[in-house]
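Numbering (the working numbering), first residue to last: 166 to 308.
As structure tokens, then:
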């Protein structure tokens, strides 16, 4: 979500110097604008009958903030799939480790026959490509 659907550029410097609590501050997350390209991709996927879900490395404690951000951009009704946040007990796990694991659990649940991850993080893209193949990853290059 951060850097793919929402533009977190104004928070990135804090993350890079280890100020994680500041980066994950609810008010700062709610100030993120949406990427117009991401919104258009959502519209295109919905037109092709895809279910839209949110798979994010945000911790579960950020669920209310995430839902509020989606509401602020009129996206709540468009997100018909699950909103999956990183469990608190996996706080140490990096996004490139967590997202492929979550995708594996979603596909093994048999609720979704096919998943495509739209992702800005190179390491996540590589991990998903290695585990699921090239057809399951779209690089978000609109930064």
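Glycine included, C-beta positions come from ideal geometry on N, C-alpha and C. Every value quoted in this text rests on a predicted model; they were computed, and no experiment measured them.
According to the DSSP assignment, residue 216 belongs to no beta strand (DSSP E), since it is labelled neither H nor E. Sequence-distant partners of residue 292 (beyond 5 residues in either direction) whose C-beta falls short of 6 Å from its own C-beta, in its chain, are 261 and 265.
Taking a C-beta distance under 9 Å as the contact criterion, residue 258 and residue 301 do not qualify as a contact pair.
Residue environment: residue 234 is assigned as buried (16 or more neighbouring CB atoms within 10 Å of its CB, all protein chains considered). Contact between the region 226-242 and the region 174-186 is not established, with fewer than three Cβ pairs separated by less than 8 Å. Scanning its chain for C-beta atoms nearer than 7 Å, with the 5 sequence neighbours on each side dropped, one finds around residue 256 the residues 224, in chain order. Non-local beta-carbon contacts of residue 191 in its own chain, meaning distances under 6 Å to residues more than five positions away in sequence, involve 230 in chain order.
Residue state for residue 178 is assigned as helix, using DSSP reduced to three classes. Around the beta-carbon of residue 212, fewer than 16 other beta-carbon atoms lie within 10 Å, marking it exposed. Where residue 284 is concerned, the enclosing beta strand (DSSP E) starts and stops at 282-284. When 299, 208 and 175 are compared, the shortest CA-CA separation from residue 279 is found for 299.
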